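Read the structure below first, then the notes.
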Amino acid sequence: MLERNNIKQIVEAALLCADQPLSLDQIVAVFADDECDRVIIREVIDEIERECEGRGYELKRVASGFRFQVRQSLAPWMSRMWQERPPRYTRALLETLALIAYKQPVTRGDIEQVRGVSVGSNIIRTLIERDWIRVVGFREVPGRPAMYGTSKAFLDYFGLKALDELPPLPEIKALLEPIEAELAGAGPEYAPPLVSFEVDDEADIEDAVADAVDEHGAIDVLPVSGTERGS
Amino acid sequence: MLERNNIKQIVEAALLCADQPLSLDQIVAVFADDECDRVIIREVIDEIERECEGRGYELKRVASGFRFQVRQSLAPWMSRMWQERPPRYTRALLETLALIAYKQPVTRGDIEQVRGVSVGSNIIRTLIERDWIRVVGFREVPGRPAMYGTSKAFLDYFGLKALDELPPLPEIKALLEPIEAELAGAGPEYAPPLVSFEVDDEADIEDAVADAVDEHGAIDVLPVSGTERGS
Amino acid sequence: MNPKAESLEHPPANVVRLGALREQSADTIAVVSGEAVSELPVDLYIPPDALEVFLDTFEGPLDLLLYLIRRQNLDILQVRVAEVTRQYMEYIELMHSMQLELAAEYLVMAALLAEIKSRMLLPRPSFDEDDEEDPRAQLIRRLQEYERFKTAAEEIDQLPRMERDIFRAYAAAPDLGITKAAPEVDLKEVLIALASVLNRVEMFQRHSVQLEPLSVRERMSDVLAQINGAPEEFMPFVGLFNMREGRMGVIVTFLAIMELLREGLIDLVQNEAFAPIYLRAAVN
Numbered sequence: 016m017l018e019r020n021n022i023k024q025i026v027e028a029a030l031l032c033a034d035q036p037l038s039l040d041q042i043v044a045v046f047a048d049d050e051c052d053r054v055i056i057r058e059v060i061d062e063i064e065r066e067c068e069g070r071g072y073e074l075k076r077v078a079s080g081f082r083f084q085v086r087q088s089l090a091p092w093m094s095r096m097w098q099e100r101p102p103r104y105t106r107a108l109l110e111t112l113a114l115i116a117y118k119q120p121v122t123r124g125d126i127e128q129v130r131g132v133s134v135g136s137n138i139i140r141t142l143i144e145r146d147w148i149r150v151v152g153f154r155e156v157p158g159r160p161a162m163y164g165t166s167k168a169f170l171d172y173f174g175l176k177a178l179d180e181l182p183p184l185p186e187i188k189a190l191l192e193p194i195e196a197e198l199a200g201a202g203p204e205y206a207p208p209l210v211s212f213e214v215d216d217e218a219d220i221e222d223a224v225a226d227a228v229d230e231h232g233a234i235d236v237l238p239v240s241g242t243e244r245g246s
Numbered sequence: 016m017l018e019r020n021n022i023k024q025i026v027e028a029a030l031l032c033a034d035q036p037l038s039l040d041q042i043v044a045v046f047a048d049d050e051c052d053r054v055i056i057r058e059v060i061d062e063i064e065r066e067c068e069g070r071g072y073e074l075k076r077v078a079s080g081f082r083f084q085v086r087q088s089l090a091p092w093m094s095r096m097w098q099e100r101p102p103r104y105t106r107a108l109l110e111t112l113a114l115i116a117y118k119q120p121v122t123r124g125d126i127e128q129v130r131g132v133s134v135g136s137n138i139i140r141t142l143i144e145r146d147w148i149r150v151v152g153f154r155e156v157p158g159r160p161a162m163y164g165t166s167k168a169f170l171d172y173f174g175l176k177a178l179d180e181l182p183p184l185p186e187i188k189a190l191l192e193p194i195e196a197e198l199a200g201a202g203p204e205y206a207p208p209l210v211s212f213e214v215d216d217e218a219d220i221e222d223a224v225a226d227a228v229d230e231h232g233a234i235d236v237l238p239v240s241g242t243e244r245g246s
Numbered sequence: 522m523n524p525k526a527e528s529l530e531h532p533p534a535n536v537v538r539l540g541a542l543r544e545q546s547a548d549t550i551a552v553v554s555g556e557a558v559s560e561l562p563v564d565l566y567i568p569p570d571a572l573e574v575f576l577d578t579f580e581g582p583l584d585l586l587l588y589l590i591r592r593q594n595l596d597i598l599q600v601r602v603a604e605v606t607r608q609y610m611e612y613i614e615l616m617h618s619m620q621l622e623l624a625a626e627y628l629v630m631a632a633l634l635a636e637i638k639s640r641m642l643l644p645r646p647s648f649d650e651d652d653e654e655d656p657r658a659q660l661i662r663r664l665q666e667y668e669r670f671k672t673a674a675e676e677i678d679q680l681p682r683m684e685r686d687i688f689r690a691y692a693a694a695p696d697l698g699i700t701k702a703a704p705e706v707d708l709k710e711v712l713i714a715l716a717s718v719l720n721r722v723e724m725f726q727r728h729s730v731q732l733e734p735l736s737v738r739e740r741m742s743d744v745l746a747q748i749n750g751a752p753e754e755f756m757p758f759v760g761l762f763n764m765r766e767g768r769m770g771v772i773v774t775f776l777a778i779m780e781l782l783r784e785g786l787i788d789l790v791q792n793e794a795f796a797p798i799y800l801r802a803a804v805n
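Chains as they are written, first to last, in this note's numbering: chain A, 16 to 246; chain B, 16 to 246; chain C, 522 to 805.
Printed below as a string of structure tokens:
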């Protein structure tokens, strides 16, 4: 049997790191059989709930269980965090989505095998949060990996009635050709855009470069003096 | 100006519902200009950190800012919640990552030079997709190979504030000492210590050699007859 | 051949390392039982039947050599060239069937060892010819440098990390009135991403990804979700068909079930002939 205080810490931690509400059963399952019992867990949950008073978040009971949620009264400040322009999805995410659409039902391992690259769990989480993919089952192999498929919301977002309105593969490959031709044709003439900035003090150069890198991705630094340009 | 307790709740809530660690600047940006100032926010963060004592989670400072995370000691229970096993990384990937972390900026060629094998492009791609490494420039040699460095996300993932929190790079360990000594300048004059033993019976030689090896490690066997020494 | 020398050449269990022996007098290196021994009793290294297991374990020739030196006490400078060559050829044979690009690197390393050996057999050049570095020094330096990063990689692997040891603490956001702005995606972007990944696959391996008709794929997901969402373990086969979808819909569902069956994702259960058929998630 674990100490009560230890049990409380574990329950609190479990609720905080789960990405969905946890039912009482799910919380119980976090413990080994002899570590604690249901009654204590119930009591501990009540305690945790009381202790949230005065903090920025509270323990909520929703249909599927318990979850921590930021207090509604703080919504105005929270919404400031998301007012910035949404970030763009990464290439990795789009490839993962495409593979799920065309090869569903697939596991993360299947996707990794095709892409040759490991798929971060944040990609899967983002796609699930966006409601574009869902877990459709588990493959009965060691580890019971989840199998993913696309959802109705995915079809709706992309204006499709059914998945077979997606173009067949040969057409997709054709999509790539103009892009490749462009890249191939650009050849040695391809010139990256120039970013210029002035610095008065040499000590500022590093900062300026760092800012430019943040904004433009990788950059080359060319020496420029006065209004002359280095080649 | 907001009340201090209110500020604390907002900071706590922001840290709990942000997707990423929040820098001080990002926390400040959650407030309107006249609501509070930087100094108070700093103090409030310290307070929050102290108040986590005894709870299941802690406030941790990593490269890109502050984040709440479950106490390390509770990790065994947390991993029971996930059906999927955490990703494992191959030795090839970890060695590549180590080289980039400790020797940045490095090119793929630099990495291959040390590892003695070619670095698969899927390794570099995985590292870039995980956002652990990025292109920091190009080396001005034929082919202009990209140079890689690690990112803040790499440090965040491993719970580090800065690169110097990585374990120090292991020191060079002696390998084949006699030859190293010779190469270091002892030159052909280097003479290993002599171990001598006598055997009456030819059949005992093997045993005697084996004993001497046990005692002295590697030995050379030089022919010796009577009291004369072979060179 | 003297039987004593013979037995020394093939020592029983652990390899006796006669280290630091330089072949200054070219042929005679030791006299055992009055007989000159001109070959060193250094036997490699890896039992041949373990070869395949080992290949997976090594990150390349440097890694293999480090292992041989550190664990097997191999004195790489005393290796019999013929033996090394034979062993490396075996590796290469095996690698041929596994990962071709590795073989060249092992071959280079075997050549380097052979070069070192042959230099040592030649008369020693006068010492201050510093036009070229001693290949032994070069090799040792490379091995040591590699070893540092190999160890560093192991240490990084031990660091606490997200997904395994570090778990972020989250709380759900309150209702913000606004929806958290999500990135906009154009379908074309998704398709281009797919095209590029398929392209890559074809570059690296010959066989291309096979895809079922999409309508079947989609239905496979639906069927699986229905089976997994079913309160009982079993789902009646006929319950999966929606007659309002018409003939085509039925065929698509049927093909989806067949494909799921083929991929081992579901089981069909029937108690006796003509009894109702049930589906359930596959169990091992």
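By construction, the Cβ of each residue, glycine as well, lies at the ideal position given by its N, Cα and C atoms.
Since the model is a prediction, treat every value here as computed from it, not as a measurement.
- Secondary structure at residue 788 of chain C: strand, using DSSP grouped into helix, strand and coil.
- For residue 23 of chain B, the secondary structure class from DSSP, reduced to helix, strand or coil, is helix.
- In this structure residue 56 of chain A is in contact with residue 22 of chain A, their Cβ atoms being roughly 7 Å apart against a cut-off of 8 Å.
- DSSP lists no beta-bridge partner residue for residue 110 of chain A.
- Residue environment analysis places residue 688 of chain C among the buried positions, since at least 16 neighbouring C-beta atoms fall within 10 angstroms of its C-beta.
- For secondary structure counted as the alpha helix (DSSP H) over 4 or more consecutive residues, the segment 116-142 of chain B holds these complete runs in sequence order: 123-130.
- Along the segment 86-120 of chain B, going in chain order, the ones with a CB nearer than 8 Å to a CB of chain A are 86, 89, 92, 93, 95, 96, 98, 99, 100, 102, 104.
- When secondary structure is reduced to three states using DSSP, residue 35 of chain B falls in the coil class, being assigned neither helix nor strand.
- Only 158, 159, 160, 161 from the segment 157-190 of chain A bring a Cβ to less than 8 Å from some Cβ of chain B.
- Contact between the segment 676-692 of chain C and the segment 141-148 of chain A is absent: fewer than 3 CB-CB pairs across the two stretches fall below 8 Å.
- Approximately 15 Å separates the beta-carbon atoms of residue 106 of chain B and residue 626 of chain C; this is outside 8 Å, ruling out the contact.
- Per the coordinates, the alpha-carbon of residue 54 of chain A lies some 44 Å from the alpha-carbon of residue 740 of chain C.
- Considering only beta carbons, the part of the segment 678-709 of chain C lying closer than 8 Å to chain A consists of 684, 688, 689, 690, 691, 692, 693, 694, 695, 696, 697, 698, 699, 701, 702, 703, 704, 705, 706, 708, 709, in chain order.
- Secondary structure of residue 163 of chain A (DSSP, three-state): strand.
- DSSP places residue 800 of chain C inside the beta strand (DSSP E), whose first and last residues are 798-802.
- For the pair residue 31 of chain B and residue 692 of chain C, the CB atoms are nearer than the 7 Å cut-off.
- Note on the segment 32-92 of chain A: whole beta strand (DSSP E) runs with a minimum of 3 residues are 72-77, 80-85, in chain order.
- Around residue 36 of chain B, the same chain offers 77, 79, 80, 81, 82, 171 as residues with beta carbons nearer than 7 Å, after the five sequence neighbours per side are excluded.
- Taking the Cα of residue 45 of chain B as reference, the smallest distance to any Cα among A/91, A/179, A/131 is reached at A/91.
- In the DSSP annotation of this structure, residue 150 of chain B is not part of any alpha helix (DSSP H); the continuous beta strand (DSSP E) holding it starts and ends at 148-153.
- For residue 706 of chain C, there is no enclosing alpha helix (DSSP H), since its DSSP letter is neither H nor E.
- DSSP places residue 95 of chain B in the coil class of the three-state scheme, outside both helix and strand.
- Across the set B/179, B/169, B/122, B/141, the C-alpha of B/122 shows the shortest separation from the C-alpha of residue 161 of chain B.
- Excluding its 5 nearest sequence neighbours in each direction, residue 167 of chain B has C-beta neighbours in its own chain below 7 Å: 78, 79, listed in chain order.
- For residue 178 of chain A, no alpha helix (DSSP H) segment is defined, and its DSSP state is neither H nor E.
- Just measuring C-alpha positions, the residue of A/49, A/68, A/43 sitting nearest residue 58 of chain A is A/43.
- A Cβ-Cβ separation of about 36 Å leaves residue 694 of chain C out of contact with residue 156 of chain A under the 8 Å criterion.
- The C-alpha of residue 129 of chain B is placed about 7 Å away from the C-alpha of residue 666 of chain C.
- Residue pairing by DSSP places residue 756 of chain C opposite C/800 in a beta bridge.
- For a cut-off of 8 Å, the C-beta gap from residue 755 of chain C to residue 799 of chain C is around 4 Å, short enough to register as a contact.
- The beta-carbon distance between residue 142 of chain A and residue 184 of chain A, rounded to whole angstroms, is 21 Å. This is too long to meet the 8 Å contact definition.
- With a contact defined as Cβ atoms closer than 8 Å, residue 163 of chain A and residue 115 of chain A qualify at about 5 Å.
- Judged by beta-carbon spacing, residue 663 of chain C lies beyond the 7 Å limit of residue 637 of chain C, meaning their Cβ atoms are not closer than that value.
- Judged by beta-carbon spacing, residue 100 of chain B lies beyond the 7 Å limit of residue 132 of chain A, meaning their Cβ atoms are not closer than that value.
- DSSP places residue 586 of chain C in the uninterrupted alpha helix (DSSP H) bounded by 582-591.
- Per the C-alpha coordinates, the member of C/690, C/736, C/790, C/780 positioned closest to residue 766 of chain C is C/736.
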